[in-house]
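*Asks:*
Have a look at this one:
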């Protein structure tokens, strides 16, 4: 037997002897339930787990709508309606950021699959690490585990938090989601404006068509060859004149309504105001390595205590 073999044999015997001593003092249950999981936790959180960089931004949805009546009751009703609308709009923006549309918009400027399947990310945090399925549906689930959107119902402040494995990607994703949110706000404003002025435009067109028709009837009546012998000419002309005046007033009313609709559209416009721009993190906030290791130890000790109590109860019941 060579010296190397002798050394290996002695080392092996020492390890076995040490293990048996530890097992005698602590017990196999303690080793399995506490020691081994804690050692695994130390290895993972201490040396293996990837650094996580967090980029955070905050924004608020504002509206230009203000109550026009100074009465307290009207002000309360208007404020309630505005509050409800702002909450709905904030929820719509938050919904976009966590939706497939938001994912697709971000993916246009940033290859998310390449980013999240990088081998620089540990296997437990990597996208599709245990499966080869890299579908957009699974990417959306993973993407939503990397971001969070929280809306404060009191201040209406929305906080967008992005957790990725490089400071550049965390900041970039945050910026792209904010940009997409601004586009959604613009779409909401355009849709609101279109809905408000569409009816007014229709009324203007109809009023102008009525006026043209009345003017044509008046012209036809004036050009009638028998107007000197027509006893009802004056009556017919008076009726058509009244219809013409009515049509002109309707056009004026429709134009005023159109102007009011444009003002209402402006008042109901919403704005995404960024109160805190996306930051580029300079230090990984997560994982909290020491805290996670201690938490693992505490959970293992609790499980160990529960198992010991259960086993003691079983033995006592048998006795």
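Numbering (this note's numbering), first residue to last: 1074 to 1392. Glycine residues also receive a C-beta, built at the ideal position from the N, C-alpha and C atoms.
Only counting runs of 4 or more residues, tell me where the alpha helix (DSSP H) segments fall wholly within the region 1199-1263, in order along the chain.
*Replies:* 1209-1219
*Asks:* Whole angstroms are fine: how far does the CA of residue 1232 sit from the CA of residue 1225?
*Replies:* Put simply, the backbone Cα of residue 1225 is about 8 Å away from that of residue 1232.
*Asks:* Find out if the Cβ-Cβ distance for the pair residue 1158, residue 1343 is shorter than 9 Å.
*Replies:* Result yes, Cβ atoms of residue 1158 and residue 1343 sit closer than 9 Å.
*Asks:* Please report the residue range of the alpha helix (DSSP H) in which residue 1114 lies.
*Replies:* 1109-1116
*Asks:* Check whether the Cβ atoms of residue 1240 and residue 1130 lie closer than 9 Å to each other.
*Replies:* no
*Asks:* Count the other CB atoms, across all protein chains shown, that sit within 10 Å of the CB of residue 1371; report buried if there are 16 or more and exposed otherwise.
*Replies:* Counting Cβ neighbours within 10 Å, residue 1371 comes out exposed, since fewer than 16 surround it.
*Asks:* Let me know the secondary structure DSSP gives residue 1312 once reduced to three states.
*Replies:* Of the three classes helix, strand and coil, the one that applies to residue 1312 here is helix, per DSSP.
*Asks:* Since residue 1194 contacts residue 1238 with CB under 8 Å, what's their CB separation in whole angstroms?
*Replies:* Contact holds; Cβ gap of about 5 Å.
*Asks:* Tell me whether residue 1272 sits in a helix, a strand or coil according to DSSP, three-state version.
*Replies:* helix
*Asks:* Is residue 1324 near residue 1294, with beta carbons less than 9 Å apart?
*Replies:* no
*Asks:* Measuring alpha carbon to alpha carbon, tell me which of 1246, 1205, 1230 ends up nearest residue 1216.
*Replies:* 1246
*Asks:* Less than 9 Å between the C-beta atoms of residue 1254 and residue 1166, yes or no?
*Replies:* yes
*Asks:* Looking only at C-alpha atoms, which of 1250, 1113, 1352 sits nearest to residue 1178?
*Replies:* Of all alpha-carbon atoms in 1250, 1113, 1352, the one lying nearest the alpha-carbon of residue 1178 is that of 1250.
*Asks:* Would you say the region 1344-1360 touches the region 1177-1191, given that touching needs at least three Cβ pairs under 8 Å?
*Replies:* no
*Asks:* So for residue 1353, helix, strand or coil by DSSP?
*Replies:* coil
*Asks:* Assign residue 1343 to one of three DSSP states: helix, strand, or coil.
*Replies:* strand
*Asks:* Beta carbon of residue 1269, beta carbon of residue 1334: below 9 Å?
*Replies:* yes
*Asks:* If the criterion is Cβ atoms closer than 9 Å, does the pair residue 1374 and residue 1107 meet it?
*Replies:* With contacts defined by Cβ atoms closer than 9 Å, residue 1374 and residue 1107 form a contacting pair.
*Asks:* Give me the residue from 1341, 1218, 1213 with the minimum Cα distance to residue 1198.
*Replies:* 1218
*Asks:* Could you work out which residue in 1346, 1257, 1280 is closest to residue 1317 when comparing CA atoms only?
*Replies:* Taking residue 1317 as reference, the option from 1346, 1257, 1280 with the minimal CA-CA separation is 1280.
*Asks:* Just checking my contact of residue 1341 with residue 1136 at CB under 8 Å: how many whole Å lie between their CB atoms?
*Replies:* 7 Å
*Asks:* In the DSSP output, what is residue 1136 paired with across the bridge?
*Replies:* The secondary-structure analysis by DSSP pairs residue 1136 across a beta bridge with 1343.
*Asks:* Measure the alpha-carbon distance for residue 1377 versus residue 1121 and round it to whole angstroms.
*Replies:* 26 Å
*Asks:* Does the beta-carbon of residue 1021 have 16 or more other beta-carbons within 10 angstroms, so that it is buried, or is it exposed?
*Replies:* Since the first and last residues shown for the chain are 1074 and 1392, residue 1021 lies out of range.
*Asks:* Skipping 5 residues on each side, what residues in its chain have a beta carbon closer than 6 Å to that of residue 1365?
*Replies:* 1118
*Asks:* If you reduce the DSSP assignment to three classes, tell me which class residue 1130 lands in.
*Replies:* In the structure shown, residue 1130 adopts extended strand secondary structure according to DSSP, grouped into three states.
*Asks:* Is it true that the CB of residue 1354 sits closer than 9 Å to the CB of residue 1244?
*Replies:* Yes.
*Asks:* Could you name the residues of the same chain whose beta carbon sits closer than 6 Å to that of residue 1236, not counting the 5 residues immediately before and after it, in chain order?
*Replies:* 1125, 1127, 1219
*Asks:* Please state whether DSSP places residue 1369 in a helix, a strand or coil.
*Replies:* helix
*Asks:* Going by Cα to Cα distance, which pick from 1109, 1256, 1103, 1208 is closest to residue 1170?
*Replies:* Looking at the Cα atoms, 1256 is the closest of the given residues.
*Asks:* By alpha-carbon positions, which one of 1289, 1212, 1187 ends up nearest to residue 1242?
*Replies:* Out of 1289, 1212, 1187, 1187 has the C-alpha closest to the C-alpha of residue 1242.
*Asks:* To the nearest angstrom, how far is it from the Cα of residue 1161 to the Cα of residue 1210?
*Replies:* If you draw a straight line from the Cα of residue 1161 to the Cα of residue 1210, it comes to about 26 Å.
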